[in-house]
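In my numbering, the protein residues as written are 307 to 537.
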Ligand code: ADP
Ligand code: ADP
């Protein structure tokens with residue numbers, strides 16, 4: 307699904323140039339669950355943003371599902387992202403002015419789906435994430451664990467091929483963190499590919515493969531025997 311070759315990314319601010327990624331090679335197969343780890347500032351978010359087509363590499367190539375991303379126009383890239391990618395963030399990134407239902411409905415509106423179909427899909431995914439009873443609530447009325455379940459519902463309502471998760475349990479206590487990891491594991495077992503950035507050793511055990519970044523390079527990779535679930 308993902309093939310990254312000799313990827314470099316530098317940021318220039320005034321006189322300083324930061325090489326955030328310095329020659330990354332990475333393949334992720336369909337159905338894999340990959341964790342990216344490493345110290346703060348090593349390039350994890352930069353890599354995830356490039357995989358998510360939110361940012362462009364300075365050098366190297368990125369192929370997603372057969373598409374050479376660097377060669378696409380912005381509109382083509384947006385199209386590719388809308389149908390294939392779901393994002394989950396540490397800080398949930400829900401829209402406070404919209405209800406739970408409306409937050410999850412939004413990606414389907416972008417896909418121009420009709421109202422009846424949207425309603426059916428949103429309710430189904432809210433049930434699945436055990437948050438349907440909160441459909442009329444606003445994000446600020448929910449606990450952190452509940453907000454992250456809404457965010458996962460929003461990420462998966464379009465049936466993406468790939469979920470990108472940036473520290474998905476970073477703001478959660480261990481009970482809610484484990485619940486979120488179990489949901490991600492279930493989605494992965496149903497065939498969704500997952501690439502997750504994490505600082506948590508616990509969370510990394512859910513992945514099939516752990517990639518360690520250091521100073522913008524992949525320094526080690528290890529294969530996990532993934533846990534089915536951890537309760
Ligand atoms: P991590 O997610 O591993 O903490 P990041 O990918 O956020 O690391 O950052 C990698 C490096 O690139 C850091 O040195 C960071 O300061 C720098 N960096 C990231 N984004 C930007 C930016 N938009 N402008 C300038 N420097 C950046
Ligand atoms: P859960 O374990 O279901 O994620 P919590 O144990 O954190 O939820 O919260 C217990 C109950 O209190 C839940 O039903 C939740 O909706 C409610 N609750 C938590 N935080 C808030 C809040 N800020 N405003 C209103 N209700 C809240």
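All C-beta atoms in this analysis are idealised placements derived from N, C-alpha and C, irrespective of residue type, glycine included.
*With a cut-off of 8 Å on the beta carbons, I'd call residue 409 and residue 400 a contact; round off their distance for me.*
Residue numbering aside, residue 409 sits at position 103 when the chain shown is read from its first letter. Residue numbering aside, residue 400 sits at position 94 when the chain shown is read from its first letter. Cβ-Cβ separation between residue 409 and residue 400: approximately 5 Å, consistent with a contact (criterion under 8 Å).
_Local conformation of residue 407 per DSSP, three classes_ = As a position in the chain shown, residue 407 is number 101, starting the count at 1. Looking at residue 407 - three-state DSSP - the assignment turns out to be helix.
*Can you check DSSP and say which residues form a bridge with residue 365?*
By one-based count along the chain shown, residue 365 stands at place 59. DSSP output for residue 365 lists 314 as bridge partner(s).
*My guess is that residue 310 and residue 519 are in contact by the Cβ rule of under 8 Å, so how many angstroms apart are they, rounded?*
Taking the first residue of the chain shown as 1, we reach residue 310 at position 4. Taking the first residue of the chain shown as 1, we reach residue 519 at position 213. Actually they are not in contact, since the Cβ atoms of residue 310 and residue 519 sit about 12 Å apart, beyond 8 Å.
*asked:* Which of the three DSSP states is assigned to residue 537 in this structure?
replied: Reading the chain shown from its first residue, position 231 is the one you call residue 537. Caution applies to residue 537, whose pLDDT of 46 falls short of 50 and renders its modelled position unreliable; the value that the coordinates give is listed next. Looking at residue 537 - three-state DSSP - the assignment turns out to be coil, as it is neither helix nor strand.
_Status (buried if at least 16 other CB within 10 Å, exposed otherwise) for residue 453_ = Residue 453 sits at position 147 when you count from the first residue of the chain shown. Burial call: buried.
*Touching or not, the segment 315-333 and the segment 387-401, by the rule of three or more beta carbon pairs under 8 Å?*
no
*Kindly examine ligand 1 and report whether one of its heavy atoms sits closer than 7 Å to the Cβ of residue 351.*
Here residue 351 refers to the residue found at position 45 of the chain shown. Under cutoff, so the answer is yes.
*Please name the residue or residues paired with residue 324 in a DSSP beta bridge.*
The residue labelled residue 324 in the question sits at position 18 within the chain shown. Residue 324 pairs with 317.
*Could you tell me whether any non-hydrogen atom of ligand 1 is closer than 7 Å to the CB of residue 317?*
Reading the chain shown from its first residue, position 11 is the one you call residue 317. Checking the Cβ of residue 317 against ligand 1 gives yes.
*Quick one: complete alpha helix (DSSP H) runs, 4+ long, within the segment 372-399?*
380-390
*Roughly how many angstroms lie between the CA atoms of residue 442 and residue 448, to the nearest whole one?*
Residue numbering aside, residue 442 sits at position 136 when the chain shown is read from its first letter. Residue numbering aside, residue 448 sits at position 142 when the chain shown is read from its first letter. Straight-line Cα distance between these residues: approximately 11 Å.
*Grouping DSSP H, G and I as helix and E and B as strand, with all else coil, what is residue 350?*
The count along the chain shown starts at 1 and reaches residue 350 at position 44. Here residue 350 sits in helix by DSSP.
*Starting from residue 529, follow the alpha helix (DSSP H) in both directions and report where the run begins and ends.*
Locating residue 529 in the chain shown gives position 223, where the first residue counts as 1. Premise fails: residue 529 lies in the beta strand (DSSP E), 523-529, not in any alpha helix (DSSP H).
*Going by the C-beta, is residue 326 closer than 7 Å to any heavy atom of ligand 1?*
Walking along the chain shown from the start, residue 326 turns up at place 20. Residue 326: yes, Cβ under 7 Å from ligand 1.
*Helix, strand or coil for residue 442 per DSSP?*
In the chain shown, counting from the first residue as 1, residue 442 sits at position 136. Coil, per DSSP.
*Measuring from the CB of residue 347, is there a heavy atom of ligand 3 at a distance below 7 Å?*
Because ligand 3 does not appear in the structure shown, any question about it cannot be addressed here, the ligands present being ligand 1 and ligand 2.
_Spatial neighbours of residue 331 in its chain, beta-carbon cut-off 8 Å, leaving aside the 5 residues before and after_ = Here residue 331 corresponds to residue number 25 of the chain shown, with the count starting at 1. In the same chain as residue 331, and ignoring 5 residues on each side of it, the C-beta atoms closer than 8 Å to its own belong to 310, 311, 312, 313, 524, in chain order.
*Taking only heavy atoms of ligand 1 into account, decide whether any of them is closer than 7 Å to the Cβ of residue 476.*
Position 170 of the chain shown, counted from the start, is the residue given in the question as residue 476. Not under cutoff, so the answer is no.
*Mind checking who residue 494 pairs with in its DSSP beta bridge?*
Reading the chain shown from its first residue, position 188 is the one you call residue 494. DSSP lists no partner for residue 494.
*Spatially closest choice to residue 434 from 459, 445, 419, 414, by CA coordinates*: Against the chain shown, residue 434 aligns to sequence position 128. The candidate whose alpha carbon is nearest that of residue 434 is 459.
*asked:* Can you list, in chain order, the residues of its chain with a C-beta nearer than 6 Å to that of residue 349? Leave out the 5 residues immediately preceding and following it.
replied: As a first step, residue 349 must be located in the chain shown, where it is residue number 43. So the list reads 326, 327, 519, 522, once near-sequence residues are dropped.
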